[in-house]
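Student: Dropping the structure in here first, questions after.
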Amino acid sequence: MKKRILSLLLIAVLLISSPLAIPVMAQDAAGNEDATGVQEPAEEPAAHNTDRATARPLSAGLEALRAQYKRGVGPEVNGKQLDYRYYSPVGKSDNHKYPLVVFFHGREQGAYEGRQIQANDFCVWTSAQMQARFRDGEGAFMLALRSPEEDLNYWGESTVAPAKAAIDDFIATFADNVDTRRIIILGWSIGARAAVKLLAAYPNRFSAGVLIGPYYDPTASEVRQIADIPLWIIAAKKDTYALYTTVRSIVRRIGTASSIADVSRFSTISGDVMTPTGSDTDNSNHKLFHIAAYDMFTLEGDDMYGMETTTFSGKPVTLTAPYGIIDWVSAMYSDYDGADSVKTCDCNCHSTGIRKFFWNIGVFFWRLFNIKDKRYCECGAKHW
1 MKKRILSLLL IAVLLISSPL AIPVMAQDAA GNEDATGVQE PAEEPAAHNT DRATARPLSA
61 GLEALRAQYK RGVGPEVNGK QLDYRYYSPV GKSDNHKYPL VVFFHGREQG AYEGRQIQAN
121 DFCVWTSAQM QARFRDGEGA FMLALRSPEE DLNYWGESTV APAKAAIDDF IATFADNVDT
181 RRIIILGWSI GARAAVKLLA AYPNRFSAGV LIGPYYDPTA SEVRQIADIP LWIIAAKKDT
241 YALYTTVRSI VRRIGTASSI ADVSRFSTIS GDVMTPTGSD TDNSNHKLFH IAAYDMFTLE
301 GDDMYGMETT TFSGKPVTLT APYGIIDWVS AMYSDYDGAD SVKTCDCNCH STGIRKFFWN
361 IGVFFWRLFN IKDKRYCECG AKHW
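Residue numbering for the sequence shown follows our numbering, beginning at 1 and increasing consecutively.
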């Protein structure tokens with residue numbers, strides 16, 4: 001009898017410890033109970049998944065959007081190399097071609113690495129809402145170069161060639177996903193100088209340019225060279241740095257020389273420059289990057305109060321969400337075929353004969369006294 005009881009107890013213990021015992025309720029990834037007790041393996045991503053990367057929403061906040069940027073450094077050119085921050089929309093196994101937006105920051109926004117995305121709101125363009133505004137909701141690369149302000153360099157002539165090299169190197173790195181026919185240049189304040197010089201030196205390379213409160217007056221040669229590139233210029237009548245009369249003159253000069261004046265756009269803010277929350281930016285009314293970063297304040301479906309937009313020929317343009325700058329620039333294509341056609345300016349360094357002779361004399365003294373501001377031409381060519 002005792003042997004039979006011991007045998008039954010042994011059988012019971014074996015049944016309880018066996019994996020064939022009564023199943024225990026398990027939870028799936030969502031926290032739901034699975035009656036079978038068996039968890040299915042996660043679904044493998046498709047072999048040719050072309051979905052772009054998931055961007056964070058605007059509600060995540062500016063710091064979360066800034067955290068989406070990664071660090072990079074361009075190659076050294078003429079003893080200089082520019083570091084940058086970039087955002088990539090590319091997902092796993094993604095073979096889509098995305099536009100590239102290159103941003104040049106304003107003065108005192110490049111004091112140290114990463115400052116160029118901390119000092120303004122252009123990280124907003126990496127948000128899910130803004131990425132969705134690019135043509136067909138495709139998204140775009142964002143590349144924010146930094147001028148080495150620790151060397152007191154505020155997008156001077158010596159940064160033009162290294163900036164071009166950094167852009168080229170970035171494109172080569174993401175060659176499978178950058179649409180080279182849609183490379184867009186943005187420049188705020190003094191950053192507009194770098195933007196204009198690159199647009200003028202390589203007009204076939206860039207599909208569109210956006211000059212935001214440009215603190216730079218292009219030369220006559222630069223005006224001719226950028227006249228047929230689609231441009232969007234933003235100015236404030238109360239701006240105490242980029243004076244409205246100067247910016248309006250720039251628009252008129254370009255519009256007169258342009259064959260696409262009805263394509264390019266000019267936005268004027270007549271009142272104070274505001275943040276999206278409705279507060280004043282500062283007394284200078286120069287921080288127009290707030291307006292451009294939030295796509296001309298079209299998030300709510302209408303124009304910013306006190307803002308007027310026209311073509312370069314003066315025809316009115318109504319901005320209604322989601323049709324702001326982003327939709328406009330992403331619809332512009334260049335004829336770039338992989339080879340740069342550099343246009344030279346009217347500077348004497350490109351001349352011949354007696355003009356070039358006297359130019360060389362000047363270069364001799366500039367080099368002798370190390371006048372660095374004269375080392376580079378307005379088109380980016382190196383004088384010595």
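C-beta: ideal position from N, C-alpha, C; glycine also. As the structure is a prediction and not an experimental result, all values here were calculated from the model.
Less than 9 Å between the C-beta atoms of P324 and Y215, yes or no?
Tutor: Checking the sequence shown, residue 324 turns out to be Gly, not Pro. Their beta carbons are not under 9 Å apart, which means G324 does not touch Y215 by this criterion.
Student: Helix, strand or coil: which one does DSSP assign to I5?
Tutor: Unreliable placement is indicated for I5, whose pLDDT of 47 sits below 50; no coordinate value is reported for it.
Student: What is the DSSP secondary structure of G106, counted as helix, strand or coil?
Tutor: The three-state secondary structure of G106, taken from DSSP, is coil.
Student: Taking the CB atoms as reference points, tell me whether G213 and I185 lie closer together than 9 Å.
Tutor: no
Student: Assuming contact is defined by CB atoms lying nearer than 9 Å, are R253 and T268 in contact in what I supplied?
Tutor: no
Student: Just the C-alpha distance for P75 and D340, rounded to the nearest angstrom, thanks.
Tutor: Going from the Cα of P75 to the Cα of D340 covers about 18 Å.
Student: Using the Cβ count rule (16 or more neighbours within 10 Å means buried), how would you classify E157?
Tutor: buried
Student: For N370, which residues of its own chain have a beta-carbon under 8 Å away from its beta-carbon, when the five flanking residues on both sides are left out?
Tutor: none
Student: In whole angstroms, give me the CA-to-CA distance for Q68 and Y87.
Tutor: 6 Å
Student: Among V251, D272, G271, which residue has its Cα nearest to the Cα of D262?
Tutor: Among V251, D272, G271, the Cα nearest to that of D262 is on V251.
Student: Would you please state the rounded distance, in angstroms, between the beta carbons of V273 and A236? I believe it to be under 8 Å.
Tutor: 5 Å
Student: Using a Cβ-Cβ cutoff of less than 8 Å, which residues in the same chain neighbour W232 once the five nearest sequence positions on both sides are dropped?
Tutor: A208, G209, V210, L211, S264, R265, F266, S267, I325, W328, V329
Student: List the residues that DSSP assigns as beta-bridge partners of E308.
Tutor: T268
Student: Within the continuous beta strand (DSSP E) that includes R253, where are the two ends?
Tutor: Counting along the chain, R253 sits inside no beta strand (DSSP E); it lies in the alpha helix (DSSP H) bounded by residues 244 to 257.
Student: What are the residues that DSSP puts in a beta bridge with F141?
Tutor: L100
Student: State the start and end residues of the unbroken beta strand (DSSP E) segment that holds G72.
Tutor: 70 to 73
Student: What do you reckon, are the CB atoms on F103 and A144 nearer than 9 Å?
Tutor: It is a contact, given that the beta carbons lie within the stated cut-off.
Student: Alpha carbon to alpha carbon, how far is R56 from N153?
Tutor: 33 Å
Student: Which word fits P99, buried or exposed, when buried means at least 16 other C-beta atoms lie within 10 angstroms of its C-beta?
Tutor: buried
Student: Can you tell which of P316, R85, S147 has its C-alpha closest to the C-alpha of I117?
Tutor: R85
Student: The alpha helix (DSSP H) with L62 in it runs from where to where?
Tutor: 62 to 66
Student: Between the Cα of Q129 and the Cα atoms of Q109, A165, Y294, E308, which residue gives the shortest distance?
Tutor: Y294
Student: Do V90 and F174 have their CB atoms nearer than 9 Å?
Tutor: At the C-beta level, V90 and F174 come within 9 Å of one another.
Student: I'd like the list of long-range same chain contacts for T309, defined as Cβ closer than 8 Å, with 5 residues on each side in sequence excluded.
Tutor: R265, F266, S267, T268, M296, D303, P316, V317, T318, L319
Student: Select from L199, D176, N120 the residue whose C-alpha is nearest the C-alpha of S93.
Tutor: The residue with the shortest Cα to Cα distance from S93 is D176.
Student: Go ahead and label G31 buried or exposed: buried means 16 or more other beta carbons lie within 10 angstroms of its beta carbon, across all protein chains shown.
Tutor: Since pLDDT at G31 reaches only 33, below the 50 mark, its modelled position is unreliable, and no value is offered.
Student: Can you pull the DSSP bridge partners for K80?
Tutor: In the DSSP output, where bridge partners are listed per residue, K80 has V77.
Student: Note down the Cα distance separating K70 from W366, rounded to an integer number of angstroms.
Tutor: 39 Å
Student: Who are G338's beta bridge partners in DSSP?
Tutor: In the DSSP assignment, no residue is bridged to G338.
Student: In angstroms, rounded to a whole number, what distance separates the CA positions of Y336 and L198?
Tutor: 14 Å
Student: Return the bridge partner residues of M274 from the DSSP annotation.
Tutor: D280
Student: Assuming R146 contacts E108 under a Cβ cut-off of 8 Å, what Cβ separation, rounded to an integer in Å, is found between them?
Tutor: At roughly 12 Å, the Cβ-Cβ gap does not stay under 8 Å, so R146 and E108 are not in contact.
Student: Do M142 and W155 have their beta-carbon atoms positioned less than 9 Å apart in this structure?
Tutor: No.
Student: Out of A161, G61, A257, state which residue places its alpha-carbon closest to the alpha-carbon of H383.
Tutor: That would be A161, whose Cα lies nearest to the Cα of H383.
Student: Rounded C-beta distance between L288 and W359? I'm assuming under 8 Å.
Tutor: No, L288 and W359 are not in contact; Cβ-Cβ is about 38 Å, not under 8 Å.
Student: Per DSSP, what are the beta-bridge partners of A236 in this structure?
Tutor: I269
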